[in-house]
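In this note's numbering, the protein residues as written are 2 to 576.
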């Protein structure tokens, strides 16, 4: 049993004991009252239980409480607690972490007030301790303060702009590809990664700068007296803390981080505007390739607004029977014979305003919003119908269709694809599904399983943009694919005299693929010198690029490549 200390007859605690018990019985929060003269504290029963305190009444609160305060919060807590209280300045208000009876650190807010005796000396210190998690102020997973406390911190920083600090910066961080990681493994895995990220960022922040947990995978800080150069330097410090593998449940995971920064007051003079601008900058950072920091500007923000508008227009196009969408086809030829063997179907979109929009702009939006799922089905069926129609003009011609990672995850897509092929009476071997290598990085096992299922159906699988991902050779070893498409990045300088490395790299890659019965298609071939080198020295299987033909609408493709069906060679290709 806990040992209970007696309250001296002359103690101020004696006078308030009845009221104190009434308060404790009427609330779930924690109450305390300390007799400064006698150094005796009186605690609410729930505080004794939840924090493992020795008794409801005992001597020397500091000796019991201070060892429980989190080391990172200890100095600030002591500074606030032991400040010089006066009748004019008698309030104590501090947020910190403290270890509970289960040996877990929890965020609390302690608000207290000092009263003084007739002689002007401190007499009674009393107050309330509120668990912030219960008030939606602390994140249960990371232990960080939440967006509600972040909003207060930003508003407090804005108040100081005209006084102590002339400007400052708000940074919002986001873990790149976190959604894919979370869905690929499980939520517990994602929660552990968030805790690792919280520690990694917190450990490199300047003294006095607090990290806050926002929604999803986002974290935020507000830093007074910081300019653009300082914000970029701080991001680079955080970025370096992520440039290493992180151990999560026995897995070694490499991930990167992006950030959006807005400077104040030039970027906004209230919290909502600043937050909106920082989020827009973060969104742009992830769209521009991730692992970077974007500083908010009006030009960048206007681009972001344009993207939002484009999302609405794409949705309208889908709802109006995929109005504005079309497929263009780029020829694929046999590298040795120059004979047309197939074509890649490439999505195009004309907005409802009549403007042709670059695929670099709208495809990313389709994938982010999952609109790629219905559009992907439309692409597949349209390409299948076109392939069927072209069999009469060029028998055996295959169509390659780009597959989104979101479609791979869609459980019903395989069944849809099979039904579509049966509906249009097209043999599955005439279809090739292409998936970009970078999309495979975080979901290896699932993607490989899905590929095997498609191959069982008779559909061929191609790895697109080979060489642009993180571990190409590992995927070549394990991935169930039939064709590897080597990215143009390896072709651009391949004909330069002093670039033997690229030539040998492409040649060796092709030889390696051939050794495991995988064909190689070279993308982005634009000149006859590139073509001849890839054919004669590297021994590529097939070629795709502007040298043989640009993407064309179906009717233009037919006119250009089927105009003389008895001629087995491509016409108009400059050879």
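Yeah, the Cβ is synthetic: ideal placement off N, Cα and C, and Gly gets one too.
Item to check | Beta-carbon proximity list for residue 414, same chain, < 7 Å, skipping 5 on both sides | outcome: Closer than 7 Å at Cβ, skipping near neighbours: 408.
Item to check | Close beta carbons around residue 506, own chain, < 8 Å, minus the five adjacent residues each side | outcome: 491, listed in sequence order.
Checklist entry - Secondary structure at residue 245, three-state DSSP: helix, strand or coil? => result Residue state, collapsed to three classes: coil.
Checklist entry - Is the beta carbon of residue 484 sitting closer than 8 Å to the one on residue 520? => result Taking the C-beta atoms as reference points, residue 520 is found nearer than 8 Å to residue 484.
Next on the checklist: Which same chain residues end up closer than 7 Å to residue 329 when comparing Cβ atoms and leaving out the 5 residues on each side of it in sequence?
Outcome noted: The residues are 347, 349, 552, 553 and 554.
Checklist entry - When we look at the beta-carbon of residue 545 and count the other beta-carbons within 10 Å, is it buried (16 or more) or exposed? => result By the neighbour-count rule (16 or more Cβ atoms within 10 Å), residue 545 is buried.
Checklist entry - Checking contacts by CB at 8 Å: is residue 206 closer than that to chain C? => result No chain C is present in this structure, which holds just one protein chain.
Checklist entry - Are the beta-carbon atoms belonging to residue 548 and residue 527 less than 8 Å from one another? => result For the 8 Å CB-CB criterion, residue 548 and residue 527 form a contact.
Checklist entry - Quick one: what does DSSP say residue 562 is sitting in, helix, strand or coil? => result It is helical.
Item to check | First through last residue of the beta strand (DSSP E) which encompasses residue 546 | outcome: First-last for residue 546: undefined, no H or E at that position.
Next on the checklist: Tell me the DSSP secondary structure of residue 535 in three-state form.
Outcome noted: Helix at residue 535.
Checklist entry - With distances taken from CA atoms, which of 222, 175 and 123 is nearest residue 150? => result Out of 222, 175 and 123, 222 has the C-alpha closest to the C-alpha of residue 150.
Next on the checklist: In this structure, how does DSSP classify residue 516 when only helix, strand and coil are distinguished?
Outcome noted: Helix at residue 516.
Checklist entry - Quick one: what's residue 253 bridged to in DSSP? => result Paired residue(s): 248.
Item to check | Span separating the alpha-carbon of residue 260 from that of residue 139 | outcome: Taking the Cα positions, residue 260 is about 22 Å away from residue 139.
Checklist entry - Can you give the Cα-Cα distance for residue 355 and residue 301, rounded to whole angstroms? => result Straight across, the Cα-Cα distance linking residue 355 with residue 301 is about 24 Å.
Checklist entry - Between residue 8 and residue 41, which are expected to be in contact by the criterion C-beta below 8 Å, what is the C-beta distance as a whole number of angstroms? => result Confirmed, about 7 Å.
Item to check | Rounded C-alpha distance that separates residue 511 from residue 539 | outcome: Residue 511 and residue 539 have their alpha carbons spaced roughly 7 Å apart.
Item to check | Whole alpha helix (DSSP H) elements within the stretch 136 to 189, 4-residue minimum | outcome: The qualifying runs are 148 to 160 and 179 to 185.
Next on the checklist: According to DSSP, is residue 347 part of a helix, a strand, or is it coil?
Outcome noted: In the structure shown, residue 347 adopts extended strand secondary structure according to DSSP, grouped into three states.
Checklist entry - For residue 108, which residues does DSSP report across the bridge? => result Its beta-bridge partners are 98.
Item to check | Backbone CA spacing between residue 233 and residue 203 [nearest angstrom] | outcome: C-alpha separation (whole angstroms): 17 Å.
Item to check | residue 435 in three-state terms, based on DSSP | outcome: Residue 435 falls in the strand class under three-state DSSP.
Item to check | Helix, strand or coil at residue 575 according to DSSP, with G and I counted as helix | outcome: Low confidence applies to residue 575: its pLDDT is 36, below 50, so where it sits in the model is not reliable enough to give any reading.
Checklist entry - I think residue 518 touches residue 333, with their Cβ atoms under 8 Å apart; what is that distance to the nearest whole Å? => result The distance from the Cβ of residue 518 to that of residue 333 is about 19 Å, inconsistent with a contact at the 8 Å cut-off.
Item to check | For residue 182 and residue 191, believed in contact at Cβ under 8 Å, the rounded distance | outcome: Separation of the CB atoms of residue 191 and residue 182 is rounded to 6 Å, and the pair is thereby assigned contact status at 8 Å.
Next on the checklist: In chain order, what are the residue ranges of uninterrupted alpha helix (DSSP H) at least 4 long that sit wholly in the stretch 195 to 249?
Outcome noted: When DSSP assignments are scanned along the stretch 195 to 249, the uninterrupted stretches of alpha helix (DSSP H) that are 4 or more residues long and fall wholly within it turn out to be 229 to 243.
Next on the checklist: What ranges does the alpha helix (DSSP H) occupy inside the stretch 266 to 340, keeping only unbroken runs of at least 4 residues that lie completely in it?
Outcome noted: Fully contained in the stretch 266 to 340 are the following alpha helix (DSSP H) runs of length 4 or more, in chain order: 272 to 288 and 299 to 320.
Next on the checklist: Could you compute how far the alpha carbon of residue 113 sits from the alpha carbon of residue 212?
Outcome noted: Rounded to the nearest whole angstrom, the CA to CA distance from residue 113 to residue 212 is 25 Å.
Next on the checklist: According to DSSP, simplified to helix, strand and coil, what is residue 17?
Outcome noted: Of the three classes helix, strand and coil, the one that applies to residue 17 here is helix, per DSSP.
Item to check | Of the residues 295, 288 and 402, the one placed nearest residue 308, counting alpha carbons only | outcome: Check the Cα spacing between residue 308 and each of 295, 288 and 402: the tightest is with 288.
Item to check | Minimum length 3: unbroken beta strand (DSSP E) runs contained in the stretch 10 to 71 | outcome: You should have 31 to 36, 41 to 44 and 58 to 60.
Checklist entry - Residues in its own chain within less than 8 Å of residue 246 by CB, not counting five upstream and five downstream? => result So the qualifying residues of the chain are 253, 254 and 255.
Next on the checklist: I need the straight-line Cα distance from residue 523 to residue 501, nearest angstrom please.
Outcome noted: Roughly 18 Å separates the two Cα atoms.
Checklist entry - Whose C-beta lies closer than 8 Å to the C-beta of residue 431 among residues of the same chain, with five residues either side of it excluded? => result Closer than 8 Å at Cβ, skipping near neighbours: 388, 392, 397, 398, 399 and 400.
Next on the checklist: Can you list, in chain order, the residues of its chain with a C-beta nearer than 8 Å to that of residue 361? Leave out the 5 residues immediately preceding and following it.
Outcome noted: Result list for residue 361: empty, nothing under 8 Å.
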